[in-house]
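A.B. asks: Numbering (mature numbering (1 follows the signal peptide of the UniProt record, and there is no 0)), first residue to last: -24 to -1, 1 to 115.
Here a beta-carbon is modelled for each residue, glycine too, at the ideal position from N, C-alpha and C.
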């Protein structure tokens, strides 16, 4: 019986290798507690930019800015990760949102995804950012 519990725990941990849960990091508590009344947007993907502009009125003159990066079609050619690719949900893309004040990074959101980044993923990420920080309603 003891071995079956150990095996179950091992398999559970193995299959959670790349979970779909987001990671949130606050790098500067003082800035993160400030009310966010405006932000400028830095993103190079047209669809992501349009989605975010539907959710928030960005302002290029703000000292706080949201930098969004994503990557799709991730492949892993490393032999060290063969077991993770075969036995778990190895991510095929990621989405990252980082907030800066001036040049100071104060907040980061990151999620591995099993499919291409979708409009829903972008919306959910931005809503999580808003939930974690002190946003003044804009839209």
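Which same chain residues end up closer than 7 Å to residue 21 when comparing Cβ atoms and leaving out the 5 residues on each side of it in sequence?
C.D. replies: Sequence index remark: in the chain shown, residue 21 carries index 45 (1-based). Cβ neighbours of residue 21 beyond the five flanking positions: 46.
A.B. asks: From what residue to what residue does the beta strand (DSSP E) around residue 12 run?
C.D. replies: Here residue 12 corresponds to residue number 36 of the chain shown, with the count starting at 1. Note, residue 12: premise wrong, no beta strand (DSSP E); not H, not E.
A.B. asks: Using C-beta distances below 6 Å, list every residue in its chain close to residue 3, excluding the 5 sequence neighbours before and after it, in chain order.
C.D. replies: Taking the first residue of the chain shown as position 1, residue 3 is located at position 27. Excluding sequence neighbours, residue 3 sits near 81, 82.
A.B. asks: Could you check which residue in 70, 95, 69, 37 has the C-alpha nearest to that of residue 28?
C.D. replies: For the purposes of this step, residue 28 is taken as the residue at position 52 of the chain shown. Nearest C-alpha to residue 28: 95.
A.B. asks: Could you give the C-beta distance for residue 102 and residue 12, rounded to a whole number, given that I count them as a contact under 8 Å?
C.D. replies: Taking the first residue of the chain shown as 1, we reach residue 102 at position 126. Taking the first residue of the chain shown as 1, we reach residue 12 at position 36. The pair is not a contact, with the Cβ atoms about 12 Å apart (cut-off 8 Å).
A.B. asks: Can you grab the Cα-Cα spacing for the pair residue 50 / residue 72, in whole Å?
C.D. replies: Walking along the chain shown from the start, residue 50 turns up at place 74. Walking along the chain shown from the start, residue 72 turns up at place 96. Annotation note: pLDDT 49 at residue 50 (below 50); position unreliable, coordinate value reported separately. For residue 50 and residue 72, the distance between alpha carbons rounds to 14 Å.
A.B. asks: Alpha carbons only, please: which of 75, 99, 104, 98 is nearest the one belonging to residue 14?
C.D. replies: Looking up residue 14 in the chain shown gives position 38. Ranked by how close their Cα comes to the Cα of residue 14, the residues 75, 99, 104, 98 have 75 in first place.
A.B. asks: Only counting the same chain, and skipping five residues up and downstream in sequence, which positions put a Cβ closer than 6 Å to that of residue 43?
C.D. replies: Position 67 of the chain shown, counted from the first residue, corresponds to residue 43. Once the five neighbours on either side are set aside, the close Cβ partners of residue 43 are 18, 74.
A.B. asks: Is residue 28 helix, strand or coil when you go by DSSP?
C.D. replies: The sequence position of residue 28 within the chain shown is 52, counting from 1. Helix.
A.B. asks: Should residue 97 go down as buried or exposed, given a rule of 16 or more other Cβ atoms within 10 Å for buried?
C.D. replies: The residue labelled residue 97 in the question sits at position 121 within the chain shown. Label assigned to residue 97: buried.
A.B. asks: Going by Cα to Cα distance, which pick from 92, 84, 100, 93 is closest to residue 117?
C.D. replies: There is no way to answer for residue 117, as the model of the chain reaches only from -24 to 115.
A.B. asks: In three-state DSSP terms, what is residue 109?
C.D. replies: Translated into positions along the chain shown, residue 109 becomes position 133. DSSP places residue 109 in coil when its eight states are reduced to three.
A.B. asks: Looking only at its chain, what residues have a beta carbon closer than 7 Å to the beta carbon of residue 34, apart from the 5 residues adjacent to it on each side?
C.D. replies: The residue given as residue 34 occupies position 58 in the chain shown. So the qualifying residues of the chain are 15, 16, 17.
A.B. asks: By how many angstroms is the C-alpha of residue 39 removed from the C-alpha of residue 78?
C.D. replies: As a first step, residue 78 must be located in the chain shown, where it is residue number 102. As a first step, residue 39 must be located in the chain shown, where it is residue number 63. For residue 78 and residue 39, the distance between alpha carbons rounds to 6 Å.
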